[in-house]
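Here is the structure we will look at, set down as structure tokens.
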Amino acid sequence: MDALNLFIKSIFIDNMIFASFLGMCSYLAVSKTVKTSVGLGAAVIFVLLVTVPVNYLLENFILKPGALSWLGDGYKDVDLSFLSFIMFIAVIAAIVQLVEMIVEKFAPALYGQLGIFLPLIAVNCAIMGASLFMQQKNFPSIGTATVYALGAGIGWFIAIVLMAAIREKISYSNVPAPLKGVGIAFIVCGLMAIAFMSFMGIKL
Amino acid sequence: MAQTKNSELLKNPLNLNNPITVQVLGICSALAVTVKLEPAIVMAISVTVVTALANLIISLIRNTIPSRIRIIVQLVVVSFLVILVDQVLKAFMYELDKALSVYVGLIITNCIVMGRLEAFALGNKPLPALLDGIGNGFGYGAILVIVAFVRELFGSGTLFGVQVIPDACYELGYSNCGFMLNPPMALILIGIVIWIQRAKVKELQEK
């Protein structure tokens, strides 16, 4: 039940875009058509699902204070947590590269669809943010961390597809000239965030 | 090559080439830390320091980086700088560091830093690169301060944690707009800032 709660919570209430603004840059840049946004959204879910569990293991067996105690008593007091930023980003960059190669080899069609988005994901704040939130929230097991990653990814996916659908329609309407493009996108995103606030306080 | 003047490198990002409103980079952190002025300013300074130094370092070693692995090299340099900033914040401003939470770490993936490295530092001499970094940091900071000012003033009636709206107003029935403290308002405020800027500077308008 806890896992389901966390899942729903990370999709709707702690939504990456609307509650913590993570991955806004690519969100605004890529949400112009539904098709590309579906591609990017899927890539984000995928990369999150791989990186967060790996970083969870890294955090709990290498970086956390006392995490190295499996090496012997002498390592009990070692605290490497100051290294976590550089480790996380290295893992993310490496995994993105790996995923890119694997997808290219085994699923060329998918690779063609994701195309330029895959390498861009390495610098998507949502990926790094999910790992940092994972570190902050201190999940009890790798399972919960994975559920969190899945929820966060799906939340991001929903947000970007909704936004793309709205922006496709906006291009037919008469927006004031100074607001065209990015300006209206920000305001629409704000209004959507207000709508998502109505999920707040839901407990399962 | 027409060398852009050094003073323009500092000035342009403040308005015509602002990283947030024109280049649309680095939005993530810009929105989340602007509930109060103090964290916003600390964040702005941190980003300026990181962008400027990262630009300088990458520009110094730009001829030795193989282009295939440049992203990794950039990430390593940037995360090294961010770790330094984080440790300094933890040592001297622990409370603020807690308030900024994950957003300090997220400077690494802040698109402003990477964007400037890719677009400018890789192809320019160290001094212009340093100035470009400082300029973009300030441009980012300016928007942060504007948004944080409005949100703190109307959301909590304070500036830097000091109450500025007199008690008499509250007695007359004025109350703080709690909605300003919620995330959606940050998005809408930035939208409005873009609106005002583009209404003034016509050439920035999109077709």
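Order-wise, the sequence lines are chains H and Z. Numbered according to my numbering, the first sequence terminates at residue 214, and the numbering increases by one at each position without gaps. Numbered according to my numbering, the second sequence terminates at residue 210, and the numbering increases by one at each position without gaps. All C-beta atoms in this analysis are idealised placements derived from N, C-alpha and C, irrespective of residue type, glycine included. Here the structure is a predicted model, which is why all the values come from computation and not from measurement.
Asked, Found
"Closer than 8 Å at the beta carbon, the chain Z residues around methionine 111 (chain H)", "Correct list: empty, because the minimum Cβ distance to chain Z is about 13 Å."
"Proximity to isoleucine 131 (chain H) [Cα-Cα], best of H:Ile204, H:Leu108, H:Gly153, H:Pro150", "H:Leu108"
"Cβ-Cβ separation, alanine 140 (chain H) to alanine 159 (chain H) (assumed contact under 8 Å), whole Å", "6 Å"
"For valine 165 (chain Z), the residue or residues it bridges with in DSSP", "Z:Leu162"
"Cβ neighbour criterion (16 or more within 10 Å) applied to valine 167 (chain Z)", "exposed"
"CB contact below 8 Å: leucine 73 (chain H) versus chain Z", "no"
"8 Å Cβ cutoff, lysine 190 (chain H) in contact with chain Z", "yes"
"Whether leucine 78 (chain Z) touches alanine 103 (chain H) by CB criterion (8 Å)", "yes"
"Alpha helix (DSSP H) segment containing glutamate 69 (chain H), residue limits", "No alpha helix (DSSP H) contains glutamate 69 (chain H), which DSSP labels as neither H nor E."
"Beta-carbon proximity of isoleucine 110 (chain Z) to valine 85 (chain Z), cut-off 8 Å", "yes"
"Neighbour flag for alanine 202 (chain Z) against chain H, beta carbons, 8 Å", "yes"
"Selected residue, minimal CA-CA separation from serine 91 (chain H), among H:Glu69, H:Thr43, H:Ile105, H:Ser79", "H:Glu69"
"Cross-chain neighbours of methionine 117 (chain Z) in chain H, by beta carbon under 9 Å", "Val133"
"C-beta contact flag for valine 150 (chain Z) and threonine 37 (chain Z) at 8 Å", "yes"
"Complete runs of the alpha helix (DSSP H) confined to the stretch 88-141 of chain Z [at least 4 residues]", "97-103, 105-108, 114-122"
"Identity of the residue in Z:Lys205, Z:Ile60, Z:Ala202, Z:Glu98 nearest glycine 136 (chain Z) by Cα", "Z:Ile60"
"Closest Cα partner of proline 187 (chain Z) within the set H:Phe31, H:Leu14, H:Phe22", "H:Phe31"
"Inter-stretch contact (C-beta, 8 Å, three-pair minimum) for the stretch 117-124 of chain Z and the stretch 43-53 of chain Z", "no"
"Under 8 Å between C-beta atoms of methionine 138 (chain H) and tyrosine 66 (chain H)", "no"
"Rounded straight-line distance, which links the Cα of aspartate 89 (chain Z) to that of asparagine 148 (chain H)", "20 Å"
"Cut-off 8 Å between Cβ atoms - residues of its own chain near serine 41 (chain H), not counting five sequence neighbours on either side", "Ser47, Ile170, Met173, Ala174, Arg177, Ala195"
"Same chain only: Cβ atoms within 7 Å of isoleucine 44 (chain Z), ignoring 5 sequence neighbours per side", "Val148"
"Proximity below 8 Å, CB of glutamine 208 (chain Z) to CB of proline 150 (chain H)", "no"
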